[in-house]
Amino acid sequence: MPRVSPEHTAARRRLILEAARAVFARKGTRAATIEDICAEAGISAGGIYTHFPSKAAIREALHAEARAANRRFPEAIRAAPDPLAAMRDMAGAMFGLLDAPELQADHRMSLQMHADAVTDPELAASYAEVHVDMVQAIRGILDEAVAGGRLPATLDTEYLAWTLVALYQGARVQKLLVPSLDTARLGQMVRVLLAGVLGG
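So the sequence shown is residues 1 to 200, counted in the UniProt record's numbering.
1. Give the straight-line distance between the Cα atoms of K55 and I34, rounded to the nearest whole angstrom.
2. Are L123 and R172 touching if we call contact CB-CB under 9 Å?
3. Expressed to the nearest angstrom, what Euclidean distance is found between the alpha-carbon atoms of R21 and A11?
4. According to the neighbour-count rule (16 or more other Cβ atoms, all chains shown, within 10 Å of its Cβ), is L186 buried or exposed?
5. Using 9 Å as the threshold, is the C-beta distance between V23 and I43 below it?
6. Determine the DSSP secondary structure at T183, reduced to helix, strand or coil.
7. Could I get the ranges of all uninterrupted beta strand (DSSP E) runs contained in the UniProt domain "HTH tetR-type" (10 to 70), with 3 residues as the minimum, in chain order?
8. What would DSSP say about T163, mapped onto helix, strand or coil?
9. How big is the Cα-Cα spacing for A161 and V135?
10. For A92, count the other beta carbons within 10 Å of its own beta carbon; 16 or more makes it buried, fewer makes it exposed. Which is it?
11. Would you kindly report the start and end of the unbroken alpha helix (DSSP H) that includes A110?
12. Anyone know if the C-beta pair for E18 and H63 falls short of 9 Å?
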């Protein structure tokens with residue numbers, strides 16, 4: 001039996017995950033089936049089970065990617081010469097990305113999965129972990145600014161971080177419900193709001 005290269009394995013996993021992303025975006029994770037993912041990817045069920053033992057494993061792999069992407073945001077902010085200015089500008093830019101065509105399936109999938117989480121405790125716990133990770137990362141940057149005297153000691157850094165996450169999630173919902181929404185202007189307003197809190 002010929003050996004399968006790591007490159008082939010990685011490419012096949014990517015194919016399956018992208019197919020699942022598209023199916024989950026259309027149907028939600030609860031209604032979607034392995035057969036739906038097979039049809040989207042153009043492969044057999046055996047081809048999927050070689051890489052993922054279940055639909056839940058596919059879902060968890062997508063969550064792992066989301067957590068990895070979330071970590072890149074605070075890492076980039078920390079690497080900037082002025083982390084607070086970077087947070088303000090990058091947060092505003094993220095709202096502009098709500099229009100990016102290549103991210104629409106991801107936005108739809110995420111919101112479908114959030115809806116599924118209302119009645120799926122396991123999925124709810126997984127999403128809570130993603131959100132808490134992001135909040136803690138943002139709060140860490142804000143706490144460092146407080147410790148350095150750049151922000152007031154009275155600032156509720158935990159709930160400012162939660163507010164930023166909630167603003168973004170709410171904007172994603174509104175953009176799907178009202179496609180004409182100008183996300184560039186939303187991003188501008190986020191910068192204005194953050195300038196009032198963070199300075200600049």
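Backbone N, C-alpha and C define an ideal beta-carbon position, used for all residues, glycine too.
Being a predicted model, the structure only gives us computed values, none of them experimental.
To lay it out plainly:
1. It is roughly 6 Å from the alpha-carbon of K55 to the alpha-carbon of I34.
2. For L123 and R172, no; Cβs fall outside 9 Å.
3. The C-alpha of R21 lies about 15 Å from the C-alpha of A11.
4. So L186 counts as buried.
5. At least 9 Å separates the beta-carbon of V23 from that of I43.
6. Three-state DSSP puts T183 in a helix.
7. Runs found: none.
8. Three-state result, T163: helix.
9. Rounded to the nearest angstrom, the two C-alpha atoms are 5 Å apart.
10. A quick correction: the sequence has Gly, not Ala, at residue 92. Counting Cβ neighbours within 10 Å, G92 comes out buried, since at least 16 surround it.
11. It is worth fixing the name first, because residue 110 is Ser in this sequence and not Ala. Segment 104 to 117, the alpha helix (DSSP H) holding S110.
12. In this structure, H63 does not lie closer than 9 Å to E18 by Cβ.
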